[in-house]
Amino acid sequence: MTEEFKRAGIRLNLFENEEFDFQMIRGLGVACRGGATMGECLSTAKCIADGDLLSWVKEWAATAARVEEQAGRLIKQKVRSGARDAYLRASMYWRAAEYYGFFSEPSRREHWESSVRCFREAAKLMDYHWEVLDIPFENIKLPGYFFSPPGNERRPTLMILSGFDGSMEEGFFGMGFYGLEEGYNVMMFEGPGQAAMCHLYPDRPLMPEFEKPVTAAANHVLSRPDVDPDRLALFGLSLGGYFAARGALYEKRITACILDSPIVDMLDYFAGSPLRNLIDLPEADYEAVKQSMPIFRWAIETFGRRFGATTIAGIFDKLKAFNIEGREEGITCATLSLVGEGEGESALNQTEQFFENVSGAKTKRVFTVDEGADAHCQVGNLPLACAVVLAWLKEIDWGSSS
1 MTEEFKRAGI RLNLFENEEF DFQMIRGLGV ACRGGATMGE CLSTAKCIAD GDLLSWVKEW
61 AATAARVEEQ AGRLIKQKVR SGARDAYLRA SMYWRAAEYY GFFSEPSRRE HWESSVRCFR
121 EAAKLMDYHW EVLDIPFENI KLPGYFFSPP GNERRPTLMI LSGFDGSMEE GFFGMGFYGL
181 EEGYNVMMFE GPGQAAMCHL YPDRPLMPEF EKPVTAAANH VLSRPDVDPD RLALFGLSLG
241 GYFAARGALY EKRITACILD SPIVDMLDYF AGSPLRNLID LPEADYEAVK QSMPIFRWAI
301 ETFGRRFGAT TIAGIFDKLK AFNIEGREEG ITCATLSLVG EGEGESALNQ TEQFFENVSG
361 AKTKRVFTVD EGADAHCQVG NLPLACAVVL AWLKEIDWGS SS
């Protein structure tokens, strides 16, 4: 029997709905670097009807708008640090509102645009150099950011790649901040089908050959004079654990790869998804079920757009191509495999399989409930996860001066 899809062992118990509870942990997790406050999250949570997607979107959008307005007032009052922090929080609250939106309604794109806008307003108030990137890829442009510490010297560079729904802006609150503080350049980018790309290019779904956008991003970043070409690391989060594995398998200019967590078989990874229980639902019944089950409408729209399918069967058929099983030994760079013990059997098994079969220097770390880091992507303890990554990079001498 296939195990139920899991996200975490620890619960907040703010909601009976487990996914709402996990998403609240995720929202609170970025508080460690100013992406949220406990009070704003809890005051929002108490207004959300348990399991009600429309309520989730409405309340997070209200909080985001209020905090963004606060940031604007602080700008006028010349309170630079307060405005920066408020914009950072507003960016993540808009992201939370966007998460449960429907692609068939304009508000989902509007909330995404608001998240991006607030993040960029915050970046203007930081002491780092930063650029918005448009990376040439086939006949389109891949979005990205490049951040660097003060100074013009060549530095090791972290390329951060999220997964199914994480945004580039959200990724900054983990290894973005921590990498910059350790003196690394930080590049965040997306490939087809990811968070920003679903809005910018809705007809370009996730692609199994994700080494192609990784190579496009590597070409771009390695053309810069402030990037050390011998110290290029790729960090993949969530489904980015598959995307980064593909990148490391084929893009040999990557000298270190962090996978949180490694995915070698995406079909198996999603085998316990509740969506699979409806795989035999006749397509003629979809509209009626969408009306009675908003979560079904959300799942069909969200998974469908990201994978380029219109039915549940079509989505799971697409997943079959996202597979590197039997090819892991082709990954020869140093790898760090991360996973939380609360993520479930498939994530734990695939992490072990990947770790056993890659060829290069390798390290594995399983985060525990006792550490408060057992959740998917360690959203409950980002400082610990990032410290583990940075310590590993020091251990393999990746970030040392050449």
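With this note's numbering, the residue at position 13 of the sequence shown is 13, and numbering never jumps.
All residues carry an ideal CB built from backbone N, CA and C; glycine is no exception.
Distance from the CA of T302 to the CA of L237, rounded to the nearest whole angstrom, comes to 19 angstroms.
Secondary structure at N185: strand, using DSSP grouped into helix, strand and coil. For A216 and C118, the gap between their C-alpha atoms comes out near 27 angstroms. Around the beta-carbon of S292, fewer than 16 other beta-carbon atoms lie within 10 Å, marking it exposed.
A Cβ-Cβ separation of about 6 angstroms places L133 in contact with F146 under the 8 angstroms criterion. Q77 counts as exposed, since fewer than 16 other C-beta atoms from the protein chains shown sit within 10 angstroms of its C-beta.
In the structure shown, the three-state DSSP call for G340 is strand.
Membership of W130 in the beta strand (DSSP E) is indicated by the continuous run H129 to F137. For A86 and A122, the gap between their C-alpha atoms comes out near 8 angstroms.
Taking the Cα of L234 as reference, the smallest distance to any Cα among Y250, P225, D226 and R224 is reached at Y250.
Counting C-beta pairs with one atom in each stretch, the stretch 362 to 380 and the stretch 279 to 289 have fewer than three that are closer than 8 angstroms, which means they do not touch.
Taking the CA atoms as reference points, P282 sits about 21 angstroms from K320.
Of the other Cβ atoms in all chains shown, fewer than 16 fall within 10 Å of the Cβ of M38; this residue is therefore exposed.
In this structure, Q378 sits near A385, with a CB-CB distance shorter than 7 angstroms. N357 carries a helical assignment under DSSP once its states are collapsed to helix, strand and coil. Here G236 is bridged, per DSSP, to L161 and L259. Judged by their CB atoms, A64 and Y100 are not nearer to each other than the 7 angstroms cut-off. Judged by DSSP secondary structure, F119 falls within the alpha helix (DSSP H) whose first and last residues are P106 to A123. The three-state reading of DSSP puts I279 in coil, since its state is none of H, G, I, E or B. Where P383 is concerned, the enclosing alpha helix (DSSP H) starts and stops at L382 to E395. Judged by DSSP secondary structure, V57 falls within the alpha helix (DSSP H) whose first and last residues are L53 to K76. Contact between S261 and S337 holds: their C-beta atoms lie close to 7 angstroms from each other, under 8 angstroms. Close CB contacts of E40 within its chain, under the 8 angstroms cut and outside five residues either way in sequence, are with T63, V67, R89 and Y93 (chain order). For Y145, the secondary structure class from DSSP, reduced to helix, strand or coil, is strand. The alpha carbon of D268 has as its nearest neighbour, out of A347, G171, H376 and L382, the alpha carbon of A347. According to DSSP, residue pairing for I312 in a beta bridge does not occur.
Secondary structure in the stretch 7 to 31: the alpha helix (DSSP H) runs of 4 residues or longer, each lying completely within the stretch, are 18 to 29 in chain order. Counting only residues of its own chain and dropping the five nearest sequence neighbours on each side, P383 has a CB closer than 6 angstroms to the CB of C32.
The C-alpha of L390 lies about 22 angstroms from the C-alpha of N152.
About 6 angstroms separates the CB atoms of L232 and R253; that is less than 8 angstroms, so the two are in contact. By alpha-carbon distance to E138, the top candidate from I48, P213 and A248 is P213.
A check of alpha carbon separations from S43 across L53, G27, L54 and G34 identifies G27 as the nearest. The shortest C-alpha to C-alpha distance from E345 to any of D374, F322, E182 and R306 is the one to D374. A straight-line Cα-Cα distance of about 29 angstroms links S81 and C47. According to the DSSP assignment, R365 belongs to the beta strand (DSSP E) that extends over K362 to F367.
Within a 10 Å sphere around the beta-carbon of G326 sit fewer than 16 other beta-carbons, which makes this residue exposed.
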